[in-house]
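Below you'll find the structure, written out as structure tokens, and then a few comments.
Number of protein chains: 2
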Amino acid sequence: MTDTVDQTEGRPSRRRGRRPGGTDTRTALLDAARQVFSEQGYDGATVRAIATRAGVDAAMVNHWFGSKEGLFVKAVLQLPFDPADLFTRLAEGPADALGERIVRTFVTTWDATGGGHFTALVRSVSSHEQAAHLLNDFFVKEVFTRIANQAAPDQAHFRGSLVGSQIVGLGMARYVVRFEPLASADVEQVVAAVAPNVQRYLTGNLG
Amino acid sequence: MTDTVDQTEGRPSRRRGRRPGGTDTRTALLDAARQVFSEQGYDGATVRAIATRAGVDAAMVNHWFGSKEGLFVKAVLQLPFDPADLFTRLAEGPADALGERIVRTFVTTWDATGGGHFTALVRSVSSHEQAAHLLNDFFVKEVFTRIANQAAPDQAHFRGSLVGSQIVGLGMARYVVRFEPLASADVEQVVAAVAPNVQRYLTGNLG
Chain S
1 MTDTVDQTEG RPSRRRGRRP GGTDTRTALL DAARQVFSEQ GYDGATVRAI ATRAGVDAAM
61 VNHWFGSKEG LFVKAVLQLP FDPADLFTRL AEGPADALGE RIVRTFVTTW DATGGGHFTA
121 LVRSVSSHEQ AAHLLNDFFV KEVFTRIANQ AAPDQAHFRG SLVGSQIVGL GMARYVVRFE
181 PLASADVEQV VAAVAPNVQR YLTGNLG
Chain Z
1 MTDTVDQTEG RPSRRRGRRP GGTDTRTALL DAARQVFSEQ GYDGATVRAI ATRAGVDAAM
61 VNHWFGSKEG LFVKAVLQLP FDPADLFTRL AEGPADALGE RIVRTFVTTW DATGGGHFTA
121 LVRSVSSHEQ AAHLLNDFFV KEVFTRIANQ AAPDQAHFRG SLVGSQIVGL GMARYVVRFE
181 PLASADVEQV VAAVAPNVQR YLTGNLG
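Right, here's the structure in full:
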């Protein structure tokens, strides 16, 4: 773990030493969160337990990460976008463009890190049972199933898990196993090819 | 490694001792194949190199596995079906039922091992660069892209890699990360939901 403040978040920077609210606190919370989420799963892990493990006040979680969800995304999923915005960003706009927005958002986000975040995530999922639960809790239940529920409430859970299968598979194919030419295709080509399939999972007839 | 003959293959069974063509030879070839495929990749590995590593005659590869491809499937992918038949089995019949046949074949096969084969495969893919190449060479190039090329020759390679993304994602969702209710859905429900998407990748308009 480095102790550097992430400048892209615009946090007050360059605090030094072990002081409440400083970057050491942020780092300690990230370390503690990885441990507690791995041990308890997303639903079982409490903000209090994580703060206690880090030796800081629970209010520091909100100060640095906004919420338990925000801490989870930074510590475990290591996603660069704000978690509070993800569902809203994806779910807004016309229902028949949901697939397109989901695929474009994920591919653009993952491409920006050269697939490194997704690869790290999959490696932790493949080797840690808990990481798989977390992925399920966060992406499928909190994002895809909520979007499905808004767009086509019948079978929303099944729809959400189907979207999860394609998004995880896209990440695997593009970044981990690198199926060409999909791995090197430009974002718009991927969106045009994959979005209608994600859209069908969300709002189409599933048979 | 066990030394037991797989009775389902109908091989002459219960040979004992280190004799040419015996089950020790089969085991030695499987061990050598895993090593050589990992070191050289599928295309780089030769039947001769594997046989030499195993200390047996190259003819034993054909005797026990039919071909390099057959050895690869048994040793690395650990699939229970005959590789020579896979493309044929999937590609036969009406072109508009390809998606259905692919999804049903993979889900039925993987379900039969409780997902164990797929999970082992993904773990090796996530941790070994070579295993990813092998998966690409075998499934995407030799099966999905060939099927796509027969059904809709335009963009066959892109289509093959898209099918790969959904099939790998389905395996991840059903067996590794276990997105419910997809993970517990019965085979026919999965086929009805996923097959039209695979079909679109093979023969539909990709935008």
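Sequences listed follow chains S and Z, in order. Numbering of the first sequence is given in my numbering, commencing with residue 1 and proceeding in unit increments. Numbering of the second sequence is given in my numbering, commencing with residue 1 and proceeding in unit increments. Glycine residues also receive a C-beta, built at the ideal position from the N, C-alpha and C atoms. As the structure is a prediction and not an experimental result, all values here were calculated from the model.
Open item on the list: With distance defined between alpha-carbon atoms, name the residue in THR203/Z, GLY204/Z, VAL198/Z and ASN205/Z nearest to GLU100/Z.
Closed with: Along the second sequence, one-based indexing puts residue 100/Z at 100. The residue with the shortest Cα to Cα distance from GLU100/Z is VAL198/Z.
Open item on the list: For GLY160/S, which residues in the same chain have their Cβ closer than 6 Å to its Cβ, ignoring the five residues on either side in sequence?
Closed with: Looking up residue 160/S in the first sequence gives position 160. Closer than 6 Å at Cβ, skipping near neighbours: VAL140, PHE144, THR145 and ALA148.
Open item on the list: Quick check: the Cα distance between ARG34/Z and GLY66/Z, rounded to an integer number of angstroms?
Closed with: Locating residue 34/Z in the second sequence gives position 34, where the first residue counts as 1. Locating residue 66/Z in the second sequence gives position 66, where the first residue counts as 1. Taking the straight line from one Cα to the other gives about 17 Å.
- [ ] Within 10 angstroms of the Cβ of THR25/S, are there 16 or more other Cβ atoms? Answer buried if so, exposed if not.
- [x] Counted from its first residue, the first sequence places residue 25/S at position 25. Burial call: buried.
TODO: Return the chain-ordered list of same chain residues with a C-beta closer than 6 Å to the C-beta of ALA49/Z, the five sequence neighbours on each side being excluded.
DONE: For this step, residue 49/Z is matched to residue 49 along the second sequence. Here the set comprises VAL36.
- [ ] Quick one: grab the DSSP three-state call for ASN205/Z.
- [x] Locating residue 205/Z in the second sequence gives position 205, where the first residue counts as 1. Of the three classes helix, strand and coil, the one that applies to ASN205/Z here is coil, per DSSP.
Task: Cα-Cα separation between SER256/Z and MET60/S, rounded to whole angstroms - done: Past the boundaries of the shown model lies residue 256/Z; chain Z is included only from 1 to 207, so the question cannot be answered.
Open item on the list: I need the straight-line Cα distance from TYR175/S to ASN205/Z, nearest angstrom please.
Closed with: Position 175 of the first sequence holds residue 175/S. Position 205 of the second sequence holds residue 205/Z. If you take the alpha carbons of TYR175/S and ASN205/Z, they lie about 24 Å apart.
Task: C-alpha distance - PHE179/Z paired with ALA75/Z, whole-angstrom precision - done: Residue numbering aside, residue 179/Z sits at position 179 when the second sequence is read from its first letter. Residue numbering aside, residue 75/Z sits at position 75 when the second sequence is read from its first letter. Answer to the nearest angstrom: the Cα atoms are 29 Å apart.
Task: Contacting positions in the segment 131 to 155 of chain Z - beta carbon closer than 7 Å to chain S - done: ALA132, LEU135, ASN136 and VAL140
Task: Those runs of the alpha helix (DSSP H) which lie wholly inside the segment 159 to 205 of chain S and span at least 4 residues - done: 187 to 203
- [ ] Tell me whether ASP46/S sits in a helix, a strand or coil according to DSSP, three-state version.
- [x] Here residue 46/S is taken as the residue at index 46 of the first sequence, counted from 1. Here residue 46/S turns out to be Thr, not Asp, going by the sequence shown. Here THR46/S sits in coil by DSSP.
Task: Straight-line gap, PHE118/S to GLU188/Z (C-alpha atoms, nearest Å) - done: Position 118 of the first sequence holds residue 118/S. Position 188 of the second sequence holds residue 188/Z. Answer to the nearest angstrom: the Cα atoms are 31 Å apart.
Task: CB contact below 8 Å: MET60/S versus chain Z - done: Walking along the first sequence from the start, residue 60/S turns up at place 60. No, MET60/S lies away from the interface with chain Z (no Cβ there is under 8 Å from its Cβ).
- [ ] Tell me, please, whether the CB atom of PHE87/S is closer than 8 Å to any CB atom in chain Z?
- [x] Locating residue 87/S in the first sequence gives position 87, where the first residue counts as 1. By this cut-off, PHE87/S is not an interface position.
TODO: Using the Cα positions of GLY116/Z and VAL163/S, report the straight-line distance between them to the nearest angstrom.
DONE: Taking the first residue of the second sequence as 1, we reach residue 116/Z at position 116. Taking the first residue of the first sequence as 1, we reach residue 163/S at position 163. Between GLY116/Z and VAL163/S, the C-alpha separation is close to 23 Å.
TODO: Could you tell me whether the Cβ atoms of LEU29/S and ALA58/S are closer together than 8 Å?
DONE: Here residue 29/S refers to the residue found at position 29 when the first sequence is read from its first residue. Here residue 58/S refers to the residue found at position 58 when the first sequence is read from its first residue. Going by C-beta atoms, LEU29/S is not nearer than 8 Å to ALA58/S.
Task: Continuous alpha helix (DSSP H) stretch holding ASP111/S: start and end - done: Position 111 of the first sequence, counted from the first residue, corresponds to residue 111/S. Start and end: 98 to 112.
Task: Which of helix, strand or coil DSSP assigns to ARG18/S - done: Residue 18/S sits at position 18 when you count from the first residue of the first sequence. Its pLDDT being 45, under 50, ARG18/S is placed unreliably in this model, and the coordinates cannot settle the point.
Open item on the list: With a threshold of 8 Å between beta-carbons, can PHE179/S be considered close to chain Z, or not?
Closed with: Looking up residue 179/S in the first sequence gives position 179. Chain Z, which has a Cβ nearer than 8 Å to the Cβ of PHE179/S, makes this yes.
TODO: Measure the alpha-carbon distance for ARG200/Z versus VAL194/Z and round it to whole angstroms.
DONE: Position 200 of the second sequence, counted from the start, is the residue given in the question as residue 200/Z. Position 194 of the second sequence, counted from the start, is the residue given in the question as residue 194/Z. Using only the alpha carbons, I get a separation of about 10 Å.
- [ ] Can you tell me which of the three DSSP states GLN155/Z falls into?
- [x] For the purposes of this step, residue 155/Z is identified with residue 155 of the second sequence, where counting begins at 1. If DSSP states are grouped into helix, strand and coil, GLN155/Z belongs with coil.
- [ ] Excluding the 5 residues preceding and the 5 following GLY93/S in the sequence, name in chain order all residues of the same chain whose CB lies nearer than 7 Å to its CB.
- [x] As a working mapping, residue 93/S is identified with position 93 in the first sequence. Contacts found: ARG101.
Task: GLY115/Z - containing alpha helix (DSSP H), residue span - done: Working through the second sequence from its first residue, we reach residue 115/Z at position 115. GLY115/Z -> no alpha helix (DSSP H), and no H or E assigned at all.
Open item on the list: Can you check which of these residues, GLY171/Z, GLU69/Z, GLN155/Z and ALA97/Z, is closest to ALA45/Z by C-alpha distance?
Closed with: Translated into the one-based positions of the second sequence, residue 45/Z becomes position 45. Nearest C-alpha to ALA45/Z: GLU69/Z.
Open item on the list: Which of the three DSSP states is assigned to GLY55/Z in this structure?
Closed with: Within the second sequence, residue 55/Z is the residue found at index 55, counting from 1. Here GLY55/Z sits in coil by DSSP.
Task: Residues that GLN166/Z contacts on chain S, provided the C-beta gap is smaller than 8 Å - done: Mapped onto the second sequence, residue 166/Z falls at position 166. Under the 8 Å cutoff, chain S gives SER165, GLN166, GLY169 and ASN197.
Open item on the list: Residues in the same chain with beta-carbon distance under 6 Å from ALA173/Z, minus the five sequence neighbours each way, listed in chain order, please.
Closed with: By one-based count along the second sequence, residue 173/Z stands at place 173. Excluding positions up to five away in sequence, the list reads PHE179 and LEU182.
Open item on the list: Taking CB distances under 8 Å as the criterion, tell me whether PHE158/Z reaches chain S.
Closed with: Residue numbering aside, residue 158/Z sits at position 158 when the second sequence is read from its first letter. So, interface residue.
TODO: Taking only beta-carbon positions, decide if LEU162/Z is within less than 8 Å of chain S.
DONE: For the purposes of this step, residue 162/Z is taken as the residue at position 162 of the second sequence. Closer than 8 Å to some Cβ of chain S, the Cβ of LEU162/Z qualifies, so yes.
Open item on the list: Considering only the alpha carbon of each residue, which of VAL168/Z, ALA32/Z and PRO196/Z lies closest to PHE106/Z?
Closed with: If you number the second sequence from 1, residue 106/Z lands on position 106. Nearest option by C-alpha distance: VAL168/Z.
- [ ] Could you check which residue in LEU98/Z, PHE72/Z, ASP31/Z and ASP85/Z has the C-alpha nearest to that of ALA192/Z?
- [x] For the purposes of this step, residue 192/Z is taken as the residue at position 192 of the second sequence. The candidate whose alpha carbon is nearest that of ALA192/Z is LEU98/Z.
TODO: Give the residues of chain S in contact with LEU182/Z, contact being defined as C-beta atoms less than 7 Å apart.
DONE: Residue numbering aside, residue 182/Z sits at position 182 when the second sequence is read from its first letter. Per Cβ cutoff of 7 Å: PHE158, SER161, LEU162 and SER165.
TODO: Measure the CB-CB distance between GLN155/S and ALA91/S and report whether it falls below 8 Å.
DONE: Taking the first residue of the first sequence as 1, we reach residue 155/S at position 155. Taking the first residue of the first sequence as 1, we reach residue 91/S at position 91. Taking 8 Å as the Cβ cut-off, GLN155/S and ALA91/S do not qualify as a contacting pair.
Task: Beta-carbon proximity check, VAL73/Z vs VAL190/Z, cutoff 8 Å - done: If you number the second sequence from 1, residue 73/Z lands on position 73. If you number the second sequence from 1, residue 190/Z lands on position 190. No.
Open item on the list: Counting only Cβ pairs nearer than 7 Å, list the residues of chain Z close to ALA173/S.
Closed with: Within the first sequence, numbered from 1, the residue matching residue 173/S stands at position 173. Within 7 Å Cβ-Cβ: SER161, GLY164, SER165 and VAL168.
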